[in-house]
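Data block below; observations after.
Residue numbers (the UniProt record's numbering): 1 to 192.
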């Protein structure tokens, strides 16, 4: 039931826990052939109310609490789960999940805030140089250099404003390193 609910709504997979909780609640609110009453009615002593049920992932407009006079008074979101307490619903802001961070150096250079990205990159390189993280050498013939990539991330404050521009140099080793362990370890018998 959870899998079909998730595939129907096209929500991100990290909502599977909420989906499982909703599936259990719906299962308890459904009539059964075995018992004359619904499980919800047996536990709570009153019939279940279906008025708050919505299709998971359906569009919902959430009122903004702060904003300018001419700004829109609501934000388009997706409804993600039922109410836990009166007037408390959970929504996923459609614009909050967008990844606007640059992925390549070319995107950083063409970004409006390229000077801030480059400043953070320079400070990272200076820090690694002063801490002697590595020594630059000419590569030997036939030796492939270590793979690396810059990863860029905007840090946001509580109000959603950009507070910092972070650039991180990531290094990865995908080559196999020969092992010094024997290829086959003989089995040992446990003495009990």
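Yeah, the Cβ is synthetic: ideal placement off N, Cα and C, and Gly gets one too.
Keep in mind it's a predicted model, so treat the numbers as computed, not measured.
From the options, residue whose alpha carbon lies closest to that of residue i
i           : options             : result
residue 150 : 110, 75, 13 and 117 : 117
residue 24  : 13, 33, 34 and 40   : 40
residue 166 : 33, 12, 130 and 123 : 123
residue 51  : 59, 140 and 29      : 29
Residues near residue i in its chain [Cβ-Cβ closer than 7 Å; skip 5 each side]
i           : result
residue 157 : 163
residue 211 : Outside the displayed range of the chain (1 to 192) lies residue 211, so it cannot be described from this structure.
residue 120 : 165, 166 and 167
residue 47  : 41
For residue i, the residue or residues it bridges with in DSSP
i           : result
residue 170 : 149
residue 74  : 63
residue 155 : 164
Contacts around residue i, its chain only, beta-carbon distance under 6 Å, and the 5 residues preceding and following it disregarded
i           : result
residue 6   : 19
residue 161 : none
residue 153 : 101 and 166
residue 3   : none
Segment limits, alpha helix (DSSP H) that includes residue i
i           : result
residue 40  : 39 to 44
residue 18  : 16 to 29
residue 122 : 114 to 130
residue 105 : 105 to 110
Close beta carbons around residue i, own chain, < 8 Å, minus the five adjacent residues each side
i           : result
residue 105 : 150
residue 64  : 71, 72, 73, 74 and 75
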